[in-house]
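Visitor:
In our numbering, the protein residues as written are 7 to 1015.
#1: Give me, in chain order, the residues of the same chain whose beta-carbon lies closer than 7 angstroms to that of residue 301; leave out the 5 immediate sequence neighbours on both sides.
#2: Considering only C-alpha positions, which residue in the set 490, 623 and 921 is nearest to residue 606?
#3: Suppose only complete runs of 4+ residues qualify. What are the alpha helix (DSSP H) ranges in the region 380-450, listed by chain order?
#4: So what's residue 577 in DSSP terms, helix, strand or just coil?
#5: Please list the terminal residues of the continuous alpha helix (DSSP H) segment that includes residue 499.
#6: Starting from residue 665 and walking both ways along the alpha helix (DSSP H), at which residues does that stretch end?
#7: By how many angstroms is the C-alpha of residue 129 removed from the C-alpha of residue 166?
#8: Can you tell me the Cα-Cα spacing of residue 537 and residue 492, whole angstroms?
#9: Buried or exposed for residue 397, going by 16 or more other Cβ atoms inside 10 Å?
#10: What does the alpha-carbon distance come out to for the pair residue 289 and residue 206?
#11: Hey, how far is the Cα of residue 712 from the Cα of residue 555?
#12: Any contact between the region 430-439 and the region 336-352? By contact I mean 3 or more CB pairs, one from each, below 8 angstroms.
#13: Which class does residue 739 belong to by DSSP, given the choice of helix, strand or coil?
#14: Going by beta-carbon coordinates alone, are residue 553 and residue 617 separated by less than 8 angstroms?
#15: Please report how far the alpha carbon of residue 695 lies from the alpha carbon of residue 701, in whole angstroms.
#16: Between the alpha carbons of residue 790 and residue 828, how many angstroms are there, rounded?
#17: From this set, 906, 810 and 446, which residue's C-alpha is nearest residue 866's C-alpha?
#18: Give me the DSSP bridge partner(s) of residue 353.
#19: Just tell me which of 534, 488 and 470 has its CA closest to the CA of residue 504.
#20: Evaluate residue 820 with the Cβ neighbour count: other Cβ atoms within 10 Å of its Cβ, from every protein chain shown; 16 or more gives buried, anything less gives exposed.
#21: Alpha carbon to alpha carbon, how far is residue 73 from residue 392?
#22: Measuring straight from C-alpha to C-alpha, what distance separates residue 148 and residue 446?
#23: Out of curiosity, what's the CA-to-CA distance linking residue 524 and residue 590?
#24: Return the chain-ordered list of same chain residues with a C-beta closer than 7 angstroms to the C-beta of residue 642, the five sequence neighbours on each side being excluded.
#25: Going by DSSP, what residue range makes up the alpha helix (DSSP H) through residue 782?
#26: Return the residue from the list 495, 372 and 762 that minimises the CA-CA distance to residue 1019.
#27: Can you round the beta-carbon distance between residue 358 and residue 412 to whole angstroms, since I take them to be within the 8 angstroms contact cut?
#28: Does the separation of the CB atoms of residue 876 and residue 831 fall below 8 angstroms?
#29: Hey, residue 106 and residue 11 are a contact pair by Cβ (cut 8 angstroms); roughly how many whole angstroms apart?
#30: Across which residues does DSSP place residue 601 in a beta bridge pair?
#31: What residue range is occupied by the uninterrupted beta strand (DSSP E) comprising residue 825?
#32: Put residue 11 into one of helix, strand or coil per three-state DSSP.
#33: Verify whether the separation of the beta carbon atoms of residue 809 and residue 786 is less than 8 angstroms.
#34: Quick check on the DSSP output: the beta strand (DSSP E) that includes residue 958 runs from which residue to which?
#35: What residue from 136, 309, 465 and 226 has the CA that sits closest to residue 299's CA?
#36: Does the structure place the region 888-898 close enough to the region 848-858 that three or more beta carbon pairs sit under 8 angstroms?
Okay, structure coming up:
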């Protein structure tokens, strides 16, 4: 039997069935944190965070080493070890399938792929039988809690899948009690309700089935203000009509159609599916545009489509292989577009850049895919394992095609492959990837006739027919590689007066010169070299510079910076490169065209840069690129005017685009940032590797704060600025470290991680030597805000007053408004309503005079809160509507939701129950989408109040308990007391007076500690 590890319940180890004592609770946590990534390295920082969270003790790492040493002793003797890796982490070397968590996921995957329902049922039962209780029982850190929540979601999904299988096997008579209990536990889950309704119907209990539907309909209307989704409504209609297909006969197709799927369960009454994980179901369409010129390969395309369009259960992976330049990317894109209708839930695409200097890592690609699937930055997991699990969960019941282009090897693609049985993947690579479980399709070079047809399409039949021998010679010398033919043909197409014979002779000459290069690249390089030699010196230099860029694509302002030229001049140069097909048009966005270089063209350009561009000139070009990026990012943030700091980050910017070009690019700063986000991150990361450029790179990371915040890209924000902070501290760059601590304090505040936020703001102030009053005001105000959220009013007021004074000294209206508003909120929360109104009115006046629209929205929201407190609900509603309109116009959805939530609350108080609850339901989705716990708790509290107003104490209690849990978790004592009051009222109305007394006593204790 050997050694087995358990985390799906209490943390345990069994050797040959006998429990093994692995030590006290903290030592068990260390073991569980390693088991979660069995046979993978866990960095020490991550391990400490997993085990202690925000409560790391003094000498925590020393304690960690002791725990690991004792665990090594306990686990010795059966091949399980805990190894210290050179990278600075620990790896528990054991087969992951010995851990019940990983075995559960493996069995779940196998169950989804099972070809027979009987086999699937057995696998689902085995997987669910591994559970012994709550996952990671006895642990309570942010990381363990997040893992527990994710596993609970996976467990529920497995239970629902098993029910579907059992319904298809006509086992409905044995499931009624189980489904009734589950419907009680998940009263708003339409898939659960649908399974119960169908089961009752098949058991001949149609009246009870209709009653369950009606009960669910009322509950959805009362709690969320919505009607049942389309699938549940269809099932209801079929029962009413006495549909004979709703029988107990095992008909898999019918059974699947009867029950709402995971994506249908939250469908709104407009028929638009809303995913319960993300709050919405987006349909990503990430495939690049199909090439207008695609010659040949029809047989291969048909074969690929046939493989991926098969009726068998997937997921299927097709690996397309071939030498560089053979046309794998064009083939994958063409095939993807052909199959688009087969995958209605979307197509994902990523260029993995596997054979370049900056290959894409799975962590970043998964972040891109998750956002494309509708997951907001705040809820994108911070660790690779979490991203993989969420990605697989989202694709488990969708029909999505994933195209992974230019992969280096199986390790780069394995975590990106979909697990859903209705999904497929196309992978392109120059290698065969023997370890990958997939179908394979090798692309060969074009035969002479097809190569000639491609050249004919590019030049027209008259030219190729006039010089048939030269045309055949060009195709032959290009080795049948489409890229080589394309480049040679583009050169001829741009020069219609050139004889084909001249190019044929020149190509043959270049091929002989390049015979020392790798055989697979000779034809492409010969074609590139010929084109390169025919370009002007300026265009050659541009290609050399473009090869230095990070990332897969670029806009012309980036080339302008590299060339030290105007954007219009750069556009002319890039047009020349497009004309000879060395640069491709990637996409056309609102701010202009984005261009791409084939990886072989980029490699060629880099080789030429190594020969022709001296190191100082290369450094100067990259410094200009960094300066332009910093300047534009700072201008975009300043245009939005969201940040209350008022500090420009452009001091280190050594080069800037012209004001006219900047104005054109930043017509809509949010759109510009959306298109440039990944490029800007890569510019910053590239610069962080150069010591001289690190301060400016930190400035760029800081300048992106506002854009990250408004766009909800919290994962990018945290990852980039944490890396920049580590670099600044290692370089003893206190100035940059202070600014980054301030920004990370803002981020962790938004993410409700208040102890971390306090630490960041305190560090920002400790490192602030030499900083001016504007910076000190911003950091002090941020610190004050966190103290207020924690109910530490004395400290909060002291810091807000200090921040206001510093802001006056600096003439920083934005920060002055922020600090004054904070003092007003303290007044409001402590019952001094009139004093609060006076401060909020002052903030509104100052914000409008300065044109500070975020401050205006904040003041209006707070005035709305004041009116609500007074009972002046119409005035409150008007203030909330104005605040919502401003935030929505700024593109700040999270801040707009703050206004929408409280507007829903006052609408309910005015008697507009349906409209108010609908707004609250929408707010709840948005807060969960952003991962904003404070907002989620506020909405749950408002929904509890709405249920009390409607005379439904049981529903009110459930909502109030959820709000209490969240506010207790994040430590917001003031609002925890408010929610406890509501909970006490719900208990009282329900007749549970002892529970009401306990809730009131705890609320009183919180108010008078």
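Positions of the beta carbon are idealized from the N, C-alpha and C atoms, including for glycine. Remember, it's a predicted structure, so these values are computed and weren't measured experimentally.
Guide: Looking at the atomic coordinates:
#1: 456, 459, 460 and 463
#2: 490
#3: 390-401 and 416-419
#4: helix
#5: Boundaries of the alpha helix (DSSP H) around residue 499: 488-499.
#6: 665-671
#7: 14 angstroms
#8: 11 angstroms
#9: buried
#10: 34 angstroms
#11: 25 angstroms
#12: yes
#13: coil
#14: no
#15: 11 angstroms
#16: Their Cα atoms are separated by approximately 8 angstroms.
#17: Comparing Cα positions, the closest option is 906.
#18: 291 and 407
#19: 470
#20: buried
#21: 25 angstroms
#22: 43 angstroms
#23: Per-residue confidence for residue 524 stands at a pLDDT of 38, beneath the threshold of 50, marking its modelled position as unreliable; no derived number is given.
#24: 672, 675, 678, 679 and 713
#25: 779-795
#26: Because the chain is modelled from 7 through 1015, residue 1019 falls outside the range shown and cannot be assessed.
#27: 5 angstroms
#28: no
#29: 7 angstroms
#30: 560 and 591
#31: Unbroken run through residue 825 is the alpha helix (DSSP H), 819-835; no beta strand (DSSP E).
#32: strand
#33: Yes, Cβ-Cβ distance for residue 809 and residue 786 is below 8 angstroms.
#34: First-last for residue 958: undefined, no H or E at that position.
#35: 465
#36: no
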